[in-house]
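So for the sequence shown, our numbering puts the first residue at 15; every next one is plus one. Structure first, commentary second.
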Amino acid sequence: MSVVPDEPSAPVPSHPEEIRSAFELRLGRHMTLQGSARITPAGVISVGLSVSAMMLALGYLASSTRRRRY
Numbered sequence: 015m016s017v018v019p020d021e022p023s024a025p026v027p028s029h030p031e032e033i034r035s036a037f038e039l040r041l042g043r044h045m046t047l048q049g050s051a052r053i054t055p056a057g058v059i060s061v062g063l064s065v066s067a068m069m070l071a072l073g074y075l076a077s078s079t080r081r082r083r084y
């Protein structure tokens, strides 16, 4: 039986057009929130199309409801 040594895997190469962002939010003296995000240009387009489709559907639903006037 052979034992395979634990070797760290090679880091995954990032997308060449990847957009990265990091932020640090301080709330008072004792609390700090940190975050980061990354997205590709294709992801930005996908998010834009998804949001526009949802807004179109919500606009249709809002216009199709009847309002009673008293």
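Where a beta carbon is used, it is the ideal one built from N, C-alpha and C, also for glycine.
Using the three-state DSSP reduction, which class does residue i fall into: helix, strand or coil?
{"i": "G57", "result": "helix"}
Counting along the chain, where does the beta strand (DSSP E) carrying residue i start and finish?
{"i": "R43", "result": "No beta strand (DSSP E) contains R43, which DSSP labels as neither H nor E."}
Check whether chain D comes within 7 Å of residue i, counting only Cβ atoms and requiring the distance to be less than that.
{"i": "L70", "result": "In summary, chain D is missing from the structure at hand, where a single protein chain is found."}
Identify the residues that DSSP records as bridge partners of residue i: which are they?
{"i": "E38", "result": "Q48"}
Residue i: which of the options sits nearest, CA to CA?
{"i": "F37", "options": "V65, S78 and L47", "result": "L47"}
{"i": "P30", "options": "A56, S60, M68 and A76", "result": "A56"}
*Counting Cβ pairs, one atom from each stretch, are 3 or more of them under 8 Å apart for the region 44 to 53 and the region 67 to 77?*
Cβ pair count under 8 Å is below three, so no.
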